[in-house]
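Enquirer: A single structure is presented below for examination.
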Amino acid sequence: MDKNIVFRAAAIIIFLVLPLLVKSNYLLGILIIIGLYTIIVIGLGILMGYAGQVSFGHAAFFGLGAYSVAVLSTAYRWPTFAALLAAVVVPGLLAALIGRPTLKLKELYLVLATLAFGILVHIFFNEAREITGGPSGLTGIPYLSLGGLVFDRDIKFYYLVWSTVLLISLGVNNLIHSRVGRALRAIRESEHAAETSGIDTASLKLQAFVFSAVLAGLAGGLYAYYVTFISPSPFGFHTSVLFVLMAVVGGLGTFWGPLLGTGLVVALGEILRWAVPLAIPGAGGEYQIIFFGVILVVIMIVKPEGLGSIIKFSKKSVEKGVR
Amino acid sequence: MVDLSSQLLQLLFSGLTLGSIYALIALALVTTFNITGVLNLAQGEFVALGALLAASLFAAGLPLPLVFILTVAGVAILGGLVERSAIYPARGASSMTLIIITIGLSISLRGLALLVWGTDPLLLPAFSSGGPILIGGAAINPQSLWIFGLTAVTLAMLFAFFELTYLGKAVRACEINRTAARLVGINPGAMSLLAFAGSGAIGAAAGIFIAPLTLATYDMGFMLGVKGFVAAVIGGMNNVGGAVLGGFILGVLEIYSAGLVSSGLKDAVALLVLLAVLLIRPEGLVGVIAGRKV
Amino acid sequence: MRKRIKLLAGLAVLIITAGLLLSGCGGKDTGAKAGGDKEPYKIGAVIDISGPSSSLGIPERNTLQMLTEKINAAGGINGHPLELTILDNKSDETEAVLAVKKLIDQQKVLAVIGCSSSGPSMAMIDTVQKEKVPMISLAAASKIVEPVQERQWVFKTAQSDIVVVNRLAGYLKEKGLNKIAFLYMNNAYGDGGRIAFTAAAEPAGLQIVTEEKFEATDVDMTPQLTRVKASGAQAVVIWAIPPSASIVTKNFKDLGLSIPLLHSHGVGNQNFIDLAQGAADGVILPIGKLTVTGQIPDSDPQKEVLATYIDEYSKKYNSSPNSFGGYAWDAFYLLINAIEKAGPDRAAIRDQLEKTENYIGVSGVFNMSATDHNGLKEDSMVNVKIEGGQWKLLE
Numbered sequence: 003m004d005k006n007i008v009f010r011a012a013a014i015i016i017f018l019v020l021p022l023l024v025k026s027n028y029l030l031g032i033l034i035i036i037g038l039y040t041i042i043v044i045g046l047g048i049l050m051g052y053a054g055q056v057s058f059g060h061a062a063f064f065g066l067g068a069y070s071v072a073v074l075s076t077a078y079r080w081p082t083f084a085a086l087l088a089a090v091v092v093p094g095l096l097a098a099l100i101g102r103p104t105l106k107l108k109e110l111y112l113v114l115a116t117l118a119f120g121i122l123v124h125i126f127f128n129e130a131r132e133i134t135g136g137p138s139g140l141t142g143i144p145y146l147s148l149g150g151l152v153f154d155r156d157i158k159f160y161y162l163v164w165s166t167v168l169l170i171s172l173g174v175n176n177l178i179h180s181r182v183g184r185a186l187r188a189i190r191e192s193e194h195a196a197e198t199s200g201i202d203t204a205s206l207k208l209q210a211f212v213f214s215a216v217l218a219g220l221a222g223g224l225y226a227y228y229v230t231f232i233s234p235s236p237f238g239f240h241t242s243v244l245f246v247l248m249a250v251v252g253g254l255g256t257f258w259g260p261l262l263g264t265g266l267v268v269a270l271g272e273i274l275r276w277a278v279p280l281a282i283p284g285a286g287g288e289y290q291i292i293f294f295g296v297i298l299v300v301i302m303i304v305k306p307e308g309l310g311s312i313i314k315f316s317k318k319s320v321e322k323g324v325r
Numbered sequence: 394m395v396d397l398s399s400q401l402l403q404l405l406f407s408g409l410t411l412g413s414i415y416a417l418i419a420l421a422l423v424t425t426f427n428i429t430g431v432l433n434l435a436q437g438e439f440v441a442l443g444a445l446l447a448a449s450l451f452a453a454g455l456p457l458p459l460v461f462i463l464t465v466a467g468v469a470i471l472g473g474l475v476e477r478s479a480i481y482p483a484r485g486a487s488s489m490t491l492i493i494i495t496i497g498l499s500i501s502l503r504g505l506a507l508l509v510w511g512t513d514p515l516l517l518p519a520f521s522s523g524g525p526i527l528i529g530g531a532a533i534n535p536q537s538l539w540i541f542g543l544t545a546v547t548l549a550m551l552f553a554f555f556e557l558t559y560l561g562k563a564v565r566a567c568e569i570n571r572t573a574a575r576l577v578g579i580n581p582g583a584m585s586l587l588a589f590a591g592s593g594a595i596g597a598a599a600g601i602f603i604a605p606l607t608l609a610t611y612d613m614g615f616m617l618g619v620k621g622f623v624a625a626v627i628g629g630m631n632n633v634g635g636a637v638l639g640g641f642i643l644g645v646l647e648i649y650s651a652g653l654v655s656s657g658l659k660d661a662v663a664l665l666v667l668l669a670v671l672l673i674r675p676e677g678l679v680g681v682i683a684g685r686k687v
Numbered sequence: 006m007r008k009r010i011k012l013l014a015g016l017a018v019l020i021i022t023a024g025l026l027l028s029g030c031g032g033k034d035t036g037a038k039a040g041g042d043k044e045p046y047k048i049g050a051v052i053d054i055s056g057p058s059s060s061l062g063i064p065e066r067n068t069l070q071m072l073t074e075k076i077n078a079a080g081g082i083n084g085h086p087l088e089l090t091i092l093d094n095k096s097d098e099t100e101a102v103l104a105v106k107k108l109i110d111q112q113k114v115l116a117v118i119g120c121s122s123s124g125p126s127m128a129m130i131d132t133v134q135k136e137k138v139p140m141i142s143l144a145a146a147s148k149i150v151e152p153v154q155e156r157q158w159v160f161k162t163a164q165s166d167i168v169v170v171n172r173l174a175g176y177l178k179e180k181g182l183n184k185i186a187f188l189y190m191n192n193a194y195g196d197g198g199r200i201a202f203t204a205a206a207e208p209a210g211l212q213i214v215t216e217e218k219f220e221a222t223d224v225d226m227t228p229q230l231t232r233v234k235a236s237g238a239q240a241v242v243i244w245a246i247p248p249s250a251s252i253v254t255k256n257f258k259d260l261g262l263s264i265p266l267l268h269s270h271g272v273g274n275q276n277f278i279d280l281a282q283g284a285a286d287g288v289i290l291p292i293g294k295l296t297v298t299g300q301i302p303d304s305d306p307q308k309e310v311l312a313t314y315i316d317e318y319s320k321k322y323n324s325s326p327n328s329f330g331g332y333a334w335d336a337f338y339l340l341i342n343a344i345e346k347a348g349p350d351r352a353a354i355r356d357q358l359e360k361t362e363n364y365i366g367v368s369g370v371f372n373m374s375a376t377d378h379n380g381l382k383e384d385s386m387v388n389v390k391i392e393g394g395q396w397k398l399l400e
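Chains as they are written, first to last, in the numbering used here: chain G, 3 to 325; chain U, 394 to 687; chain F, 6 to 400.
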C-alpha cells in the first residue's frame, strides 16, 4: 500500500512538472489528447473490466458530447460551462435509455448491438444537417471559460484535462474498493451467482454503462473546446475500436491500465509514424493500422487481461483481469 | 416518365442483387459460427481481398476461370493461415475475446490490402458481355444473374456437404457436441481450420462476382461484413437457409427505403432492423419459420 | 518474476517516452543547406499523405518536394535557403490540428500549406487565425475562405465550388436544359457541391426536380437513378469522386437513361474513365486546364506553365501530374512570391498574398483581393466531354 502511494504521488508530481519541461506545444497537444482518451478508457475499463460488458459504440458517446458542446455553444450561444454540462447529460441520458434492453444481450449480440448503435449515431451526425452541419462539420466553437478563466492556451487545457483525469481516477479507485466495486466484480465473475446473492445485476450494469457514457461525453465536450472544430469523421466505428484497443492493451480492471493503454497506443502511433518511412521509404501511415490490428490480436491471445497486469504495484489493490 | 410498377420492379432487381451479396456473406458467417463458435468480423475482408486479388490477376493477363480458381484457393489458404495464427491459439478464450481478435484481424487485413493495392479502386470486367436485359420496363444487369447463380450454387454445395458427405456430418457432430465428437475421433481443431478456409473461399468467390458491379477497393469489406451480420441475425444465427432469406430481406428493404423514401436512410434502415431484431427476437426472424438448423 | 515485471514496466515507459520524444522531433525536412550562409526561411505543409484522401495528398507532396529542391538549387529566396517541413495528417481533422500546432510552435514556420481535403483544412483554420499565420489550403470547399472577415489568414488555390457550379449552370442554360436532377456523394465534398449548386440554380433559372445522395461506399445507385428517371429531369448533375462516381455513371448507362450527364471536377482523372468501363463516354464536366494541355490554344496564358509542370513532374516521378499537384504548385509559388516581397514576416506575407495580381499558375490566373482569397474565376476551367475514353475540349 505504501508503495502505491509513492507511485501515485510521483505520478502527480510528474503531471505538475511535465509542461514546464515540455517546451513544445505539439507534445503538449499529444498529452492533452492522451488525457482526453484516458478519461474515456477509464469508463470503458469499468464497463469491460468490472461489469464484464463490452461496447463497440463508445465513439458515439464521445461524439454526442462533442456535438452537444458545439451546437449549444454556437447556435444557441449557451455559456460554455453549461454546454459542457450538457455534453455530460446528453450521452448519459441516451445511455440510460438504451442501456437496459441492450445490456440484456449476451456477448456477441451485445457487440453487434453496440456496434450498430455507434454506426447509427455516426449516420445521424452526417444526416442531421440542420443540427450538426452534416459532413462539413461545425466551426467557430468558443473557448471554454470557467468564471474568469478562459482556456485558450494549450498549457491551461493541459492542467484542466489532467486534473480531470486525476479526480476521476481517484474517484473510481474509491468506488472500486467500495461495496459497489465488489458487486460489479461479482457480476463479472458470474452473473448468476451475483444475482442469487442478492445483487441487482441489471441495475448495476446499467449504472456502469451510463457512467462510461458520461465520461465519454465529458471527454467529447472537452475535445470540442480544444480543437474548436468538429466533423463526423473522428466519431466513427474506428474510434470505438481504438478505445477498446486502449482499454485492452492497458489491462482491464487496473488502476494504471487506462493511462498505460492510452499512452502506449498513442506513443506507438507516433513511433510508427516516424520509424516506418525510415525503414520503407515512401510508405505512408497505412502500416500503422496493420500494427494496431496485429497488436490487438497478439494481446488478446497472449495476455487477454492486458498489459496493465504486469505492473501491479500492490497485490491487494488490484484484482485479476477479466477472463 | 416511368410508371410506378416498373419503378418498383427496377428496385426489386437491385434489391435482390444486393440481397444475394449479403446472403453470400451471411452464409459464410453462419457456417463458421456454427462450427467454431467464432463470429468472424473479418469475413468482409475476405470479400475485399478476393475482389482485389482477382482484379490484379486479371490485369496481369490470366484468363477469368484461372483467376477465379487461383483467387479462391489463395484466400482460402489465407483463411486457414488466419485460423492457425490467431483463432486456434486462443481457442479456449471467451467468445468476447474471440470477437475482439476477429476485429483485430479485420483491421490488419484491411491495412494489408491498403498496403498492397493502395487506395485506388481496381476493375474487373463483367463476366458476360452485352448490356442490361430489359424485363417489364426495368433493366437487370447480366452480372446480377451471375451473382444469383453463385448464391444458389453455394447454398446447394453447403447443403450437399452437410447432408451427404461424411466430413459434413462430422462437422455437424462437432457443432452439436465437441467432447462427444472428439471421443468418436473427430478433431474440432481440424474442423475449425476447414471452416475458416471454407469461409475464405466463399468470401473470395463473392468478391470476384461482385467486383464487376462494385469495383474492388481495400475498404469495401467492412460495411459488407456488417450487412452480412445483419442478414445472419435476421435469419437466425444458426440457420443456413435463414441466412439467405435474411440477406434477401435486408437487400430489398434497403433498396426500397432508398428508392421510395430517402437515399440517406439506407444504412440506417439495416442497423435499425438489426437493433429491433436483437432486442425483440434475438433468435432471428426466420428461426421459427424455417425450423431446424443447418 | 519480479525482474520480468520490472523489465516489462520499464519497456512500456521506454516506448511511451520514445514516442513522445519522436513526436517532438519527427517530420521530414527537405531543406537543403544550399544558398549561402543566410538564415533559412521555414515554411510548413500539412498534407493528407495517408488515409482516404492520400490519392490527393501524394502528388501534392511530390510537387512540393520537387519545387523546394528547385528553389534551393537556384539559390533560394533572396539568397535565403528554403526549409520545408511536410507533415502527414492521415486525412484526419485532429491530426491536422496537432500537426499545424507543431509547425507553428516548433518549426516557427512563416506560413502553412494544406490540407488536401476540406475537412482537415477547416479544422486548422481556428489555429492559424489565432496564431496569425498565413495558410494556403489546397481543398475545394468555398467555406474555407468565406466569409473572408473571419478567414483573414486563409487562402486557397483550388477552384471554389462556385466556379464549377457557374460553369455547369452556364452550360445547362445554353443548352436550354432547365429541369435538373442533382445527385451527390454524402461527404464534405458532395455537401459543398450541393450547397453551391442549390444556391446558384435559382438565379440561373434552373429547377432542381430531384435531389439524391449516396454514400462513398455504396455499390449500387440504381434506386437514386430510378427516382431521377421518374422525376422528368432533362439533365443530371452528379457531384462525386471515384469510385462511387464511376459506379453511378455505369448504373446510369445500364438503366438506359439518355439525358445529358454532367459531373463535377471531382472526376477529372483517368481513373474515373477506366473504372466506368466505357460508361463515361458522353459525360460533360468542367476541369482544370492541366488535363487537356495539349488541346488548349497556344494563346492561352497558362499554356507555358502547364507544359513546364508536366515536363518537370514527369521527369522526376515518371508519372503525369494531376490537378491536385497543380494546387500545390500554385500554393508554393504564391507563397514564395509573397515571401520574396515581404521577407520573413507573417503579417507582411499575408498582406502580399492578398495583393496577388495576375499570377499565372497551373490552376488558373490568380487575382486575390480583400474580399476574394481564392482569386480564380470561371476562365480558370474549361468544359470537356469524354469521348472514346479521352478528354475532348468543348467550345
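We treat Cβ as the ideally placed atom computed from N, Cα and C, and that holds for glycine.
With a threshold of 7 Å between beta-carbons, can Tyr-52/G be considered close to chain U, or not?
Expert: Chain U, which has no Cβ nearer than 7 Å to the Cβ of Tyr-52/G, makes this no.
Enquirer: With a cut-off of 7 Å, does the C-beta of Asp-612/U fall near any C-beta of chain G?
Expert: Asp-612/U does not count as touching chain G.
Enquirer: Specify the secondary structure class of Val-299/G as computed by DSSP and reduced to three states.
Expert: The answer is helix: DSSP assigns Val-299/G an H, G or I state.
Enquirer: Since Ser-214/G and Ser-138/G should fall inside the 8 Å C-beta cutoff, what is the C-beta to C-beta distance between them, to a whole number of angstroms?
Expert: Contact flag wrong, Cβ pair sits at about 30 Å.
Enquirer: Is there contact between the stretch 604-619 of chain U and the stretch 430-438 of chain U, where contact requires at least three CB pairs shorter than 8 Å?
Expert: Yes: at least three Cβ pairs fall under 8 Å.
Enquirer: Determine which residues share a DSSP beta bridge with Gly-49/F and list them.
Expert: According to DSSP, which records beta bridges pairwise, Gly-49/F is partnered with Thr-90/F, Val-117/F.
Enquirer: The alpha helix (DSSP H) spanning Met-616/U covers which residue range?
Expert: That run of the alpha helix (DSSP H) goes 614-628.
Enquirer: In three-state DSSP terms, what is Phe-257/G?
Expert: Of the three classes helix, strand and coil, the one that applies to Phe-257/G here is coil, per DSSP.
Enquirer: Measuring only the C-alpha atoms, how far is Gly-36/F from Pro-81/G?
Expert: Low confidence applies to Gly-36/F: its pLDDT is 44, below 50, so where it sits in the model is not reliable, and the reading given next is rough at best. Roughly 46 Å separates the two Cα atoms.
Enquirer: State the Cα-Cα distance for the pair Ala-594/U and Val-465/U, rounded to the nearest angstrom.
Expert: Going by the C-alpha atoms only, they are around 5 Å apart.
Enquirer: Helix, strand or coil, according to DSSP, for Thr-141/G in the structure here?
Expert: Three-state result, Thr-141/G: coil.
Enquirer: As a quick exercise: from Val-214/F, Ser-142/F, Gln-112/F, pick the residue whose alpha carbon is nearest that of Asp-53/F.
Expert: Per the Cα distances, Ser-142/F.
Enquirer: Using 7 Å as the limit for Cβ to Cβ distance, is Ala-218/G near chain U?
Expert: Closer than 7 Å: no.
Enquirer: Where do the N-terminal and C-terminal ends of the alpha helix (DSSP H) with Lys-180/F fall, by residue?
Expert: Looking at the DSSP string, Lys-180/F is not in any alpha helix (DSSP H), and its letter there is neither H nor E.
Enquirer: Less than 7 Å between CB atoms is the rule here; does Gly-120/G satisfy it with respect to chain U?
Expert: No, Gly-120/G does not count as interfacial toward chain U.
Enquirer: Are the CB atoms of Val-182/G and Gly-497/U within a distance shorter than 7 Å?
Expert: Not in contact: Gly-497/U and Val-182/G (Cβ atoms no closer than 7 Å).
Enquirer: Which residues does DSSP list as the beta-bridge partners of Asp-377/F?
Expert: Beta-bridge pairing links Asp-377/F to Ser-374/F.
Enquirer: For a cutoff of 7 Å on Cβ pairs, would you count Ser-138/G as touching chain F?
Expert: Answer yes: the Cβ-Cβ gap between Ser-138/G and chain F drops below 7 Å somewhere.
Enquirer: In the DSSP assignment, the alpha helix (DSSP H) including Pro-103/G goes from what residue to what residue?
Expert: Note, Pro-103/G: alpha helix (DSSP H), 82-105.
Enquirer: Assuming contact is defined by CB atoms lying nearer than 7 Å, are Asn-327/F and Asn-274/F in contact in what I supplied?
Expert: Contact flag set, yes.
Enquirer: So, helix, strand or coil for Val-241/F, using DSSP?
Expert: Looking at Val-241/F - three-state DSSP - the assignment turns out to be strand.
Enquirer: Which one or two residues does DSSP pair with Met-140/F in a beta bridge?
Expert: Beta-bridge pairing links Met-140/F to Val-117/F, Val-159/F.
Enquirer: How would you write the range of the alpha helix (DSSP H) that Ala-597/U sits in, first residue to last?
Expert: Taken as a continuous stretch (DSSP letters only), the alpha helix (DSSP H) holding Ala-597/U covers 581-607.
Enquirer: Within its chain, find whatever has a CB closer than 8 Å to the CB of Leu-646/U; leave out the 5 residues flanking it on each side and keep chain order.
Expert: Same-chain partners within the cutoff: Gly-408, Val-662, Ala-663, Val-666.
Enquirer: When you compare only the Cα positions, how much space is there between Arg-355/F and Ala-448/U?
Expert: The straight-line gap from Cα to Cα measures roughly 49 Å.
Enquirer: List the residues of chain U whose Cβ lies closer than 8 Å to the Cβ of Leu-69/F, in chain order.
Expert: Simply none; closest approach about 20 Å.
Enquirer: Between the alpha carbons of Lys-38/F and Leu-87/F, how many angstroms are there, rounded?
Expert: Residue placement at Lys-38/F is flagged as unreliable, the pLDDT there being 45, under the threshold of 50; the coordinate-derived value follows with that caveat. Answer to the nearest angstrom: the Cα atoms are 8 Å apart.
Enquirer: Which residues in chain U have a C-beta closer than 7 Å to the C-beta of Ser-2/F? List them in chain order.
Expert: Residue numbering for chain F in the displayed model covers 6 to 400; residue 2/F lies beyond these limits and cannot be assessed.
Enquirer: Residue range of the alpha helix (DSSP H) that Met-386/F falls in?
Expert: No alpha helix (DSSP H) contains Met-386/F, which is instead part of the beta strand (DSSP E) from 386-392.
Enquirer: Can you check which of these residues, Ile-500/U, Val-654/U, Ala-599/U, Pro-581/U, is closest to Val-431/U by C-alpha distance?
Expert: Ranking the options by Cα distance to Val-431/U, first place goes to Pro-581/U.
Enquirer: Are Ser-249/F and Ala-221/F closer than 7 Å when you measure CB to CB?
Expert: In contact: Ser-249/F and Ala-221/F (Cβ atoms closer than 7 Å).
Enquirer: Name, please, each residue of chain G whose Cβ falls closer than 7 Å to the Cβ of Pro-456/U.
Expert: Under the 7 Å cutoff, chain G gives no residues; its nearest Cβ is about 32 Å from Pro-456/U.
Enquirer: In whole angstroms, what separates the C-alpha of Arg-5/F from that of Trp-244/F?
Expert: Since the first and last residues shown for chain F are 6 and 400, residue 5/F lies out of range.
Enquirer: Taking Cβ-Cβ distances shorter than 7 Å, what residues in chain G pair up with Ile-21/F?
Expert: Ordered by position in chain G, the residues that pass the 7 Å Cβ test against Ile-21/F are Gly-265, Leu-266, Ala-269.
Enquirer: Mark Ala-78/F as exposed unless 16 or more other C-beta atoms lie within 10 angstroms of its C-beta, in which case mark it buried.
Expert: Under this definition Ala-78/F is an exposed residue.
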